[in-house]
Amino acid sequence: MTVSIFYNIPSPSSSSLSSFSCSSSCFLSIASSSIPFSNPKKPIQLSLSHTSASLSDMDVISSPGLYPLHRCKTLHLVRHAQGVHNVEGEKDHAAYLSESLFDAHLTPLGWQQVDHLGKHIHETGLSKKIELVIVSPLLRTMQTAVGVFGSEGYKDGIDVPPLMVENAGESNRPAISSLNCPPFVAVELCREHLGVHPCDRRKSISEYRPVFPAIDFSLIASDEDNLWEANSREKNEEVAVRGIKFLNWLWTRKEREIAIVTHSGFLYHTLSVFGNDCHPSVKSEICTQILCLYIMDRISPGPNSIVLWADFLC
Numbered sequence: 001m002t003v004s005i006f007y008n009i010p011s012p013s014s015s016s017l018s019s020f021s022c023s024s025s026c027f028l029s030i031a032s033s034s035i036p037f038s039n040p041k042k043p044i045q046l047s048l049s050h051t052s053a054s055l056s057d058m059d060v061i062s063s064p065g066l067y068p069l070h071r072c073k074t075l076h077l078v079r080h081a082q083g084v085h086n087v088e089g090e091k092d093h094a095a096y097l098s099e100s101l102f103d104a105h106l107t108p109l110g111w112q113q114v115d116h117l118g119k120h121i122h123e124t125g126l127s128k129k130i131e132l133v134i135v136s137p138l139l140r141t142m143q144t145a146v147g148v149f150g151s152e153g154y155k156d157g158i159d160v161p162p163l164m165v166e167n168a169g170e171s172n173r174p175a176i177s178s179l180n181c182p183p184f185v186a187v188e189l190c191r192e193h194l195g196v197h198p199c200d201r202r203k204s205i206s207e208y209r210p211v212f213p214a215i216d217f218s219l220i221a222s223d224e225d226n227l228w229e230a231n232s233r234e235k236n237e238e239v240a241v242r243g244i245k246f247l248n249w250l251w252t253r254k255e256r257e258i259a260i261v262t263h264s265g266f267l268y269h270t271l272s273v274f275g276n277d278c279h280p281s282v283k284s285e286i287c288t289q290i291l292c293l294y295i296m297d298r299i300s301p302g303p304n305s306i307v308l309w310a311d312f313l314c
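Residue numbers (the UniProt record's numbering): 1 to 314.
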């Protein structure tokens with residue numbers, strides 16, 4: 001299968017929050033972007049072995065390829081909107097260690113970013129194409145996901161649960177309806193760096209369910225956050241391995257057009273796996289510029305390897 005990935009993310013060290021993926025350019029036209037050879041610039045094709053956890057077994061394949069459209073998946077990668085931890089961390093990096101930022105919620109500016117992106121995807125018709133929304137089970141990502149891909153308003157008496165109840169996570173926002181929306185599924189594999197920073201620790205699932213009634217938490221094994229450790233932070237390489245595991249899991253899904261609401265660190269380190277054998281300038285573009293990426297499972301039915309193409313659009 002081939003996966004087109006559309007994203008616009010800064011590197012984790014970037015001080016710019018205005019370049020967050022809620023800019024109107026973060027989603028590209030499906031009609032013009034889903035064909036690998038539509039860009040006149042030659043795509044870069046990389047292969048990654050999944051026979052072991054090692055990320056070093058990479059071979060550059062210079063020849064292009066064509067793949068049937070019915071084997072394609074399209075992923076829309078969205079970084080969460082501005083959270084309170086982003087604001088405090090910009091002032092003082094030590095703030096990331098503060099318990100007051102536990103499971104950080106969105107700022108008012110973050111909600112403005114959510115509204116902007118939600119308006120864009122509804123006006124372009126993209127919201128009608130999304131078959132599934134996958135979300136990292138932290139407050140800021142779930143607020144972003146339901147705000148962007150949910151229905152506008154929730155009214156009592158409608159026989160569907162809301163995606164988010166009123167004023168969830170100090171949002172001062174009305175309830176958000178799940179009416180005519182795709183399914184929302186929470187997945188731990190696409191979480192931010194695990195450990196040390198309280199802002200990246202989640203609440204219990206039993207606390208989340210009443211707040212986000214229409215999000216499916218059934219794939220999360222533990223009610224409490226057993227993945228986060230106070231004294232040990234996940235290494236960048238471990239985030240990347242987890243990201244590849246997440247991409248492999250996506251092959252098991254039947255949906256062809258999927259939105260994923262996650263974190264800048266997760267996106268940065270997962271996408272950094274690709275391009276290790278490229279020129280450094282190409283490597284940096286994969287992680288910092290707007291790209292259309294195609295990932296294909298070359299050997300069916302088992303995902304023995306995947307291929308990444310990067311069509312450079314800017």
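Here a beta-carbon is modelled for each residue, glycine too, at the ideal position from N, C-alpha and C. Quick caveat, the model's predicted, so the values are computed rather than measured.
By a C-beta neighbour count over all protein chains shown, 10 Å radius and 16 as the cutoff for buried, is I121 buried or exposed? The residue in question, I121, is buried, as its Cβ has 16 or more Cβ neighbours within 10 Å.
Which partner residues does M164 have in the DSSP bridge list? I176, per the DSSP bridge assignment.
How many Å lie between E123 and S204 at the Cα? E123 and S204: Cα-Cα distance of roughly 35 Å.
Backbone CA spacing between V187 and H279 [nearest angstrom]: Take the alpha-carbon of V187 and the one of H279: they are about 34 Å apart.
Would you kindly check if the distance between the Cβ of P213 and the Cβ of I130 is under 7 Å? Going by C-beta atoms, I130 is not nearer than 7 Å to P213.
With C-beta atoms as the reference, is L109 less than 7 Å away from Q82? Between L109 and Q82, the C-beta gap is smaller than 7 Å, which places the two residues in contact.
Range covered by the beta strand (DSSP E) that runs through H76: Element bounds for H76: 72 to 79.
Nearest-angstrom Cα separation, counted from E152 out to V114: One Cα belongs to V114, the other to E152, and the distance between them is close to 12 Å.
Could you tell me the distance, in whole angstroms, from the CA atom of T107 to the CA atom of F274? In this structure, the straight-line span from the alpha carbon of T107 to that of F274 is close to 33 Å.
Using a 10 Å radius around the Cβ and a threshold of 16 neighbouring Cβ atoms, would you call E99 buried or exposed? Flag for E99 reads exposed.
In the structure shown, what three-state DSSP assignment does V133 receive? Strand.
Once the 5 residues before and after L250 are set aside, which same chain residues still bring their CB inside 6 Å of it? If we look at L250 and ignore the five residues flanking it on each side, it has no Cβ neighbours.
Is it buried or exposed for S232, if we count other Cβ within 10 angstroms and need 16 for buried? S232 is exposed by the Cβ-count criterion.
Would you kindly work out how many angstroms separate the C-alpha atoms of F184 and D216, rounded to a whole number? Each residue's Cα considered, the two are about 6 Å apart.
Between which two residues does the beta strand (DSSP E) containing F246 stretch? Annotation: F246 is outside any beta strand (DSSP E); the continuous alpha helix (DSSP H) that includes it extends over 236 to 250.
Using the Cα positions of P162 and G125, report the straight-line distance between them to the nearest angstrom. Their backbone Cα atoms lie some 22 Å apart in a straight line.
For H197, which residues from the same chain have a beta carbon less than 6 Å from its beta carbon, with the 5 sequence-adjacent residues on both sides left out? Same-chain partners within the cutoff: Y96.
Residues that I258 bridges to, as DSSP identifies them: DSSP output for I258 lists L75, L132 as bridge partner(s).
Taking the alpha carbon of A94 as the point to measure from, which residue in C199, I134, A168 has its own alpha carbon closest? Cα-wise, what sits closest to A94 is C199.
Would you call the region 173 to 180 in contact with the region 249 to 265, where contact means no fewer than 3 C-beta pairs closer than 8 Å? The answer is no - the region 249 to 265 does not touch the region 173 to 180, with fewer than three Cβ pairs under 8 Å.
To the nearest angstrom, how far is it from the Cα of P174 to the Cα of N167? Going by the C-alpha atoms only, they are around 6 Å apart.
Proximity to Y268 [Cα-Cα], best of P210, G89, N236: Of P210, G89, N236, the residue nearest in Cα terms is N236.
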